[in-house]
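Counting from 1, position 139 in the sequence shown corresponds to residue 138 in numbering that gives the first Met the number 0; the numbering is continuous, with no gaps.
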Amino acid sequence: MLRLEGFVTESERAAILAEVAEHRPDLRRVEGKVGLGPRYSVIPGDVIAASLPGVAALGERVRQAAEAFAGAPVAFFGDPVRRMRVQVYDDVDEGFRWHFDGHPFAAVVTLENGNDGVTEIIGPRLSALVRPLFYLAYPFPQLVSLLPRLAVEGRARDVLLLRGRTVLHRGRSRRTGRRIVLVFAFDYPDAAPSRISNWFARWANY
Numbered sequence: 000m001l002r003l004e005g006f007v008t009e010s011e012r013a014a015i016l017a018e019v020a021e022h023r024p025d026l027r028r029v030e031g032k033v034g035l036g037p038r039y040s041v042i043p044g045d046v047i048a049a050s051l052p053g054v055a056a057l058g059e060r061v062r063q064a065a066e067a068f069a070g071a072p073v074a075f076f077g078d079p080v081r082r083m084r085v086q087v088y089d090d091v092d093e094g095f096r097w098h099f100d101g102h103p104f105a106a107v108v109t110l111e112n113g114n115d116g117v118t119e120i121i122g123p124r125l126s127a128l129v130r131p132l133f134y135l136a137y138p139f140p141q142l143v144s145l146l147p148r149l150a151v152e153g154r155a156r157d158v159l160l161l162r163g164r165t166v167l168h169r170g171r172s173r174r175t176g177r178r179i180v181l182v183f184a185f186d187y188p189d190a191a192p193s194r195i196s197n198w199f200a201r202w203a204n205y
């Protein structure tokens, strides 16, 4: 995990927030499936590529930071819908459940955090130990919440870089209020998304 403080300039943040506000009709509501998925609103990557140039341009700068973090070339994740996203949380019970990503690297850019939202991360060693049983226990996230974890508060203009395929993590709102983040997903060049994990992510999300 690596947090880059003040990565986004204030003028960039204001411009992107205005861009997001203009495209609020494009937000899709995500409620998860049978109570298993996350709860939030999203503008997916295909809409961003077509209509939100400020977000897409920032994504390229974040990709370069992700390469430095990875120590190797990275490319945007192969799924055009999930490679970049605007995610909006409005209620205290909105957020992401514990999960492993289907791609090796992710970046969370916080634009606004009115609900004291945090990204909670379980260390790589413990994540590796619990991974074989994780999806069997997926309907019972409170079991994972008993494990020791690090909570990283999202601060406006910061970027959080994660090795999301190897660490269990979730996004959590700590009070009612609006949080707006950009999420960028990265993979190694020429890598193809797993059909199974891609299907599950689409099924549980959007």
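Note that beta-carbon positions come from the ideal geometry of N, C-alpha and C, so glycine has one too.
In the structure shown, TYR88 adopts extended strand secondary structure according to DSSP, grouped into three states.
Looking at the DSSP output, LEU1 bridges to LEU160.
At least 9 Å separates the beta-carbon of VAL29 from that of ARG23.
Distances from the alpha-carbon of LEU161 to those of ALA190, VAL107, ARG148 and ASN114 put VAL107 closest. The Cβ neighbour count for ALA127, taken over all protein chains shown within 10 Å, is under 16; the residue is labelled exposed.
Assignment of PHE68 by DSSP, reduced to helix, strand and coil, places it in the helix class. Using a Cβ-Cβ distance cut-off of 8 Å, the stretch 58–75 and the stretch 153–160 are in contact, since at least three pairs of beta carbons, one from each stretch, lie closer than that value. With respect to THR109, ILE179 sits close: the two C-beta atoms are nearer than 9 Å. Here the stretch 115–122 lies against the stretch 167–185, with 3 or more beta-carbon pairs under 8 Å apart. Judged by their CB atoms, HIS102 and ASP45 are not nearer to each other than the 9 Å cut-off. With 16 or more other Cβ atoms inside 10 Å of its own Cβ, PHE75 counts as buried. Contact annotation, ARG156 with GLY5: C-beta distance approximately 5 Å; criterion of less than 8 Å satisfied. Taking the Cα positions, ARG124 is about 9 Å away from THR165.
Nearest Cα to VAL85 within the set GLU21, PHE104, PRO147 and SER144: GLU21.
Per DSSP, VAL182 is one residue of the beta strand (DSSP E) stretching across 178–186. For the pair VAL73 and ALA65, the CB atoms are nearer than the 9 Å cut-off.
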